[in-house]
Amino acid sequence: MAKPASLRIAIVGGGLGGLAAALFLRRAGLEATVYEQSSALRELGAGIVVAPNMVRPLATLGLAARLPEFAVQLEAAWEFRRWQDGRVLSVQPMGEECLRLYGAHCYVAHRADLLALLQSALPSEALKLDRRCIAVRDAGDAVEAVFADRDGRETTVRADAVIGADGIHSVVRPAVAPEIEARFSGLCAFRCLVPAADAPPMALRAVQTLWLGPERHFVHYPISAGRLVNVVAIVPAGDWRTESWTAEGAIGDLRAEFAGWDARVLQLVDAATDTKRWALYDRTPLARWCAGRVGLLGDAAHAMLPFFAQGAAQAIEDAVVLAACLRGVDAQGVPAALARYDAIRRPRASEVQLMSRGREIRNHLPDGPAQVERDRALAGGDPLRQSAWLYGHDVESALRAG
Ligand SMILES: Cc1cc2nc3c(=O)[nH]c(=O)nc-3n(C[C@H](O)[C@H](O)[C@H](O)COP(=O)(O)OP(=O)(O)OC[C@H]3O[C@@H](n4cnc5c(N)ncnc54)[C@H](O)[C@@H]3O)c2cc1C
């Protein structure tokens, strides 16, 4: 008997989520193709925490062993310091303890390197560049996605399913869920990269460091095998409202936000040559991620505030579950398989979305009794174990239960 044709899955968006989805779907025997609007894959926004719940799926793909080529394995994390003098409030050893608890180390990496790692595992015919999705429409026993290239020429792709992995401003999302309101958090993130040679030695340690001060905090860790230091500073947004990886900020504005802070913070700011500035918006979890043959994944489904550094990790968990739900299904079974994916993944990612809210209040306390109490609690905390719900999440047992 002839083998049934494998399902054709069109993935809109070639970010970390879209590429991971393509890899897991192809591993499950499906014909998955990524359609990306840019003419080359590029990841903006500099550094990313590659948490254990992201490393384990990368290991499944056979890619985790290559992380040490470019990523830095964290020896410690959540090293909280006081803004004025750098006094350490608490620090969490990672290393072997992280491996023992969660079966994987925790890394920090340049996003472009991580994206290149995923791309290296994807056959070139599975990635179509310069394809901007402009419409998705139901075609009864299939679904069609319409793409425009940079000259405005349109092509239509017919598939058994379309997966919107097209990020925070998804064009696929309206085919699934009504547009959700984005609530402005009042904060923005400055992001920059500093050459290791210009950074204070403490910033070159394999440690994720967070300096806490009134109304703002400052995060840094080394990436790119230690050649660069990634800086993220969360501050009041003022009148900044642009939610984009590419929007340029001004170093002078960043410096003014940290006037009077420890000299090592200012040394990092002064060594940066440019900065991106991103207004932080919060979104309520969607009521559904799938409709018929169209599904959402990654930020298109669950854009979240960055306080748990989990957006991409959740996108990769989505990819694992999506592929497991579609494996072995015939074309008629696609809507039910997507509904199962939704039922398994949406509660988990929605929880992370909701937990990411409000963390800035604790991090940004003005100096005073509440801050003293917070610092005391930090000193007695155990963030590695307290993160078991995030890092220890077992996608396989979620699949068995769902
Ligand atoms: C300040 C900050 C820090 C963060 N730190 C971390 C961290 O440390 N760890 C972590 O796990 N997460 C972190 N995140 C979250 C993480 O960046 C996102 O969750 C993740 O990048 C989402 O991946 P994605 O593939 O869903 O979307 P994206 O990375 O946005 O990719 C979407 C892709 O779709 C393409 N696209 C868009 N529209 C179309 C279209 N119409 N047609 C075709 N292609 C299209 C885009 O060009 C892009 O390539 C952070 C976020 C912020 C804001």
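Numbering of the sequence shown is given in my numbering, commencing with residue 1186 and proceeding in unit increments. Ideal Cβ placement from N, Cα and C applies to all residues, glycine included.
Residue i versus residue j - alpha carbon distance
i       : j       : result
Ser1572 : Glu1545 : 17 Å
Leu1625 : Leu1303 : One cannot answer for residue 1625 here, as it falls past the ends of the chain, which runs 1186 to 1587.
Gly1200 : Ala1457 : 26 Å
Ala1236 : His1295 : 13 Å
Leu1584 : Ala1509 : 8 Å
Ser1305 : Arg1251 : 11 Å
Cys1283 : Thr1340 : 47 Å
Ile1196 : Leu1550 : 42 Å
Asp1351 : Tyr1406 : 28 Å
Glu1232 : Leu1465 : The amino acid occupying residue 1232 in the given sequence is Gly; Glu does not appear at that position. Near 17 Å, if we compare the C-alpha coordinates of Leu1465 and Gly1232.
Asp1315 : Glu1428 : 23 Å
Gln1258 : Asp1579 : 22 Å
Thr1460 : Gly1325 : 47 Å
Ala1559 : Gly1398 : One point to set straight first is that residue 1559 is Arg, not Ala, in the sequence displayed. Answer to the nearest angstrom: the Cα atoms are 12 Å apart.
Gln1517 : Ser1191 : 12 Å
Val1293 : Asn1548 : 21 Å
Arg1462 : Val1234 : 19 Å
Pro1363 : Gly1423 : 29 Å
Tyr1526 : Pro1385 : 46 Å
Ser1409 : Ala1256 : 6 Å
Val1321 : Trp1430 : 25 Å
Leu1300 : Arg1267 : 34 Å
Phe1209 : Leu1523 : 15 Å
Ile1194 : Leu1215 : 7 Å
Asp1552 : Phe1265 : 15 Å
Cys1291 : Arg1285 : 12 Å
Glu1254 : Val1537 : 30 Å
Val1342 : Ile1353 : 23 Å
Ser1224 : Leu1204 : 15 Å
Sub-8 Å separation of residue i and residue j beta-carbons
i       : j       : result
Ser1370 : Asp1298 : no
Asp1345 : Val1519 : yes
Asp1503 : Gly1202 : yes
Val1347 : Phe1375 : no
Gly1513 : Ser1275 : no
Val1454 : Leu1439 : yes
Leu1307 : Ala1206 : no
Val1379 : Leu1413 : yes
Ala1262 : Gln1393 : yes
Ala1486 : Ala1534 : yes
Trp1425 : Cys1373 : yes
Leu1569 : Gln1277 : yes
Ser1541 : Leu1471 : no
Phe1403 : Phe1443 : yes
Leu1575 : Gln1495 : yes
Gly1198 : Asp1323 : no
Ala1381 : Gly1337 : no
Val1361 : Trp1474 : yes
Ala1311 : Arg1211 : yes
Gly1280 : Glu1260 : yes
Ala1249 : Leu1511 : no
Arg1401 : Ala1388 : no
Thr1469 : Ile1319 : no
Residues bridged to residue i [DSSP beta-bridge criterion]
i       : result
Gly1398 : Arg1401
Arg1462 : Phe1375
Val1235 : Tyr1292
Tyr1220 : Val1197, Lys1313
Val1347 : Ala1195, Val1479
Phe1369 : Tyr1466
Pro1380 : Leu1413
Min CB distance residue i to chain B below 8 Å
i       : result
Ala1360 : This model lacks chain B altogether, as it is built from one protein chain only.
Proximity test, residue i beta-carbon vs ligand 3 heavy atom, cut-off 7 Å
i       : result
Ala1262 : Among the ligands in the structure shown, ligand 3 does not appear; only ligand 1 can be found there.
Complete beta strand (DSSP E) runs within the segment 1464 to 1530 (minimum length 3 residues, chain order) = 1479 to 1481, all fully within the segment 1464 to 1530.
inquiry  = Whether or not the segment 1267 to 1280 and the segment 1327 to 1335 are in contact is what I'm after, with contact meaning three or more pairs of Cβ atoms, one per stretch, closer than 8 Å; do they touch?
reply    = In this structure the segment 1327 to 1335 does not lie against the segment 1267 to 1280, because fewer than three pairs of beta carbons, one per stretch, are closer than 8 Å.
ask   = Between the segment 1523 to 1530 and the segment 1470 to 1483, are three or more C-beta pairs nearer than 8 Å?
value = Yes, the segment 1523 to 1530 touches the segment 1470 to 1483.
task = Kindly confirm or deny that the segment 1240 to 1253 and the segment 1217 to 1226 touch, where touching means at least three C-beta pairs closer than 8 Å.
result = Contact between the segment 1240 to 1253 and the segment 1217 to 1226 is absent, with fewer than three C-beta pairs closer than 8 Å.
ask   = Can you give, in chain order, each stretch of the beta strand (DSSP E) that sits fully within the segment 1281 to 1345 and has at least 3 residues?
value = Those beta strand (DSSP E) runs which fall completely within the segment 1281 to 1345 and span 3+ residues are 1292 to 1295, 1317 to 1323, 1328 to 1333, 1339 to 1344.
request  = Enumerate, from N- to C-terminal direction, the unbroken alpha helix (DSSP H) stretches of 4 or more residues contained entirely within the segment 1537 to 1566.
outcome  = With a minimum length of 4 residues, the continuous alpha helix (DSSP H) runs that stay inside the segment 1537 to 1566 are 1544 to 1548, 1554 to 1564.
ask   = In the segment 1387 to 1452, which residue ranges form an unbroken beta strand (DSSP E) of at least 3 residues, counting only runs that do not cross its ends?
value = The qualifying runs are 1392 to 1398, 1401 to 1408, 1413 to 1421.
request  = With a floor of 4 residues, list each alpha helix (DSSP H) that falls wholly inside the segment 1237 to 1279, ordered by position along the chain.
outcome  = Within the segment 1237 to 1279, the complete alpha helix (DSSP H) segments of 4 residues or longer fall at 1237 to 1245, listed in chain order.
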